[in-house]
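Asker: Residue numbers (the numbering used here): 7 to 392.
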Amino acid sequence: MIPYGKQSILEDDIEAVVDVLRSDFLTQGPAVPRFENAVKEYCGTAHAVAVNSATSALHLACLAIDLGPGDTLWTSSNTFVASANCALYCGASVDFIDIDFDTGNLSVSALEQKLEIRASKGQLPKVVVAVHYAGLSCDMEALAGLVSKYGFYLFEDASHAFGSEYQGKKIGGCQYSDLTIFSFHPVKIITSGEGGMVLTNSAELSERIQRLRIHGISRDVAVMSEPSHGPWYYQQLELGYNYRMSDIHAALGRSQLDHIDQIIQRRNALAHRYHEKLSNLPLQLPVSLQDCTSSWHLYVVRLVEGETEVERKALFMALRKKGIGVQVHYIPVHTQPYYQQLGFSWGDYPQAEKHYRLTLTLPLYPTLSDAEQDYVVQQLRIALSA
Ligand SMILES: *Cc1c(COP(=O)(O)O)cnc(C)c1O
């Protein structure tokens, strides 16, 4: 089976992990800060905090702004459930924004309308989580404009967008946002096995997230409520978690970063090949935007209604039967049974639902060969003409 996404591990990645296994520290050693420093340098950000997943990163980011009961987080419905669940972990509520159909990203105009209506009722969100779908940046400058008008925190869920750029700068630099979250799950752009990271230019948010990552514990005498008892002393100042990344994971992530340029180059080359080879099929291909370059986490095509009789499910099944591991991104989060229980229903966000009905993710990862990609194209062509 040709999967839709997959890690590429080189010999030096393996050596980096083995080096940690032979060293004194499997966790809480030097590999984690080394990875953090490398990522913040790459992205041009002041602070980076590594954790054991992007889901943990989202949770801690919400805690760090004191999101809690009575507060609301808004995000796109076209995302993985984790972008929304993080609010519920904190006892806050979730609401969704429909997408811009062209990009699959949250619609700035839908957001603006919703803010205007909710502002008059005193129901503004505390935070909006912008998800850079498939690797293409949201319109961050427009979102920042809404932040200055309505005053909410702006997070970037950049799980798809490590190495992508917006206005000529790497995503993760947080020019327009309070913080950015990356995932290092194996299907993402670079991997640490499992892992995530928060990037921010705010020293305050960074310190809070570091403390929440280790049980809410601090060894900093400046923040203690009584004089230190001695060198062993620490204080738990709030309720945190064990969301640490291990040195084993961090060494892998750090080593992967050495290959980031080749990874992005190959992903772009494959995306261009898809563009060329699929342009005469009844499919809507991914758009490009002037302000953005994408790392191409996903190559997402959509059936064009009226131009083909083939249903997405039939297309999916036909390709799977040929050993092609196509996927669907995403089932709109608001339609998940858990979210329906909270009051959402089908019909709430029509563009996200239409996208879901028509969409298919094709295989794209650095070690996908030209021949394998040609096979995908050939089978797609056959399935579409069936
Ligand atoms: C993968 C992903 C996550 C979760 O990442 P983990 O590291 O697996 O926790 C969150 N948001 C989006 C958009 C993702 O694609």
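Using N, Cα and C, we set each Cβ at its ideal position, and we do this for glycine too.
Below 7 Å CB to CB, which residues in the same chain sit around S301 once its five sequence neighbours on both sides are set aside?
Answerer: G141, A167, F168, G169, S170, I195, I270, R273
Asker: If distances are taken between C-alpha atoms only, which option among F102, V229, A277 comes closest to G349?
Answerer: Nearest Cα to G349 within the set F102, V229, A277: F102.
Asker: In chain order, what residues of the same chain have a beta carbon less than 7 Å from the beta carbon of N84, not counting five sequence neighbours either side?
Answerer: I105, G110, Y139, Y336, P338, A358, H361
Asker: So which residues put a beta carbon under 6 Å from any heavy atom of ligand 1, going in chain order?
Answerer: Result (chain order): S59, A60, T61, T85, F86, A88, S89, V137, D163, S165, H166, S189, H191, G202.
Asker: Can you tell which of A54, D72, F107, E200 has its C-alpha closest to the C-alpha of Y95?
Answerer: Y95 has its Cα closest to that of D72, out of A54, D72, F107, E200.
Asker: Taking R225 as the reference, give the member of A90, Y239, A275, L152 with the closest Cα.
Answerer: Y239
Asker: In its own chain, which residues sit with a C-beta less than 7 Å from the C-beta of H65, not counting the 5 before and 5 after it?
Answerer: C92, Y95
Asker: Secondary structure at E317, three-state DSSP: helix, strand or coil?
Answerer: coil
Asker: For the beta strand (DSSP E) that A56 lies in, which residues bound it at each end?
Answerer: Start and end: 53-57.
Asker: Where does G329 land, buried or exposed, given buried means 16+ other C-beta within 10 angstroms?
Answerer: exposed
Asker: Exposed or buried, N58, counting other C-beta atoms within 10 Å across all chains shown (16 or more means buried)?
Answerer: buried
Asker: What does DSSP give as the partner residues of C298 in its beta bridges?
Answerer: Y172
Asker: What whole-angstrom Cβ distance do S252 and T33 have, given they're in contact under 8 Å?
Answerer: 4 Å
Asker: Go through its chain and collect everything with a Cβ distance to R40's Cβ below 6 Å, but skip five positions before and after it.
Answerer: Counting only Cβ-Cβ distances below 6 Å, and skipping sequence neighbours, we find R260.
Asker: Skipping 5 residues on each side, what residues in its chain have a beta carbon closer than 7 Å to that of T186?
Answerer: E162, A164, I177, G178, C180, L205
Asker: Residues in the same chain with beta-carbon distance under 6 Å from K46, minus the five sequence neighbours each way, listed in chain order, please.
Answerer: A54
Asker: List, from N- to C-terminal side, the alpha helix (DSSP H) runs of 4 residues or more that fit wholly inside the stretch 130-161.
Answerer: Inside the stretch 130-161, DSSP marks whole alpha helix (DSSP H) runs of 4 or more residues at positions 146-156, from first to last along the chain.
Asker: Are the CB atoms of G11 and Y371 within a distance shorter than 7 Å?
Answerer: yes
Asker: Are there 16 or more other CB atoms within 10 angstroms of the CB of T373, so buried, or fewer, so exposed?
Answerer: exposed
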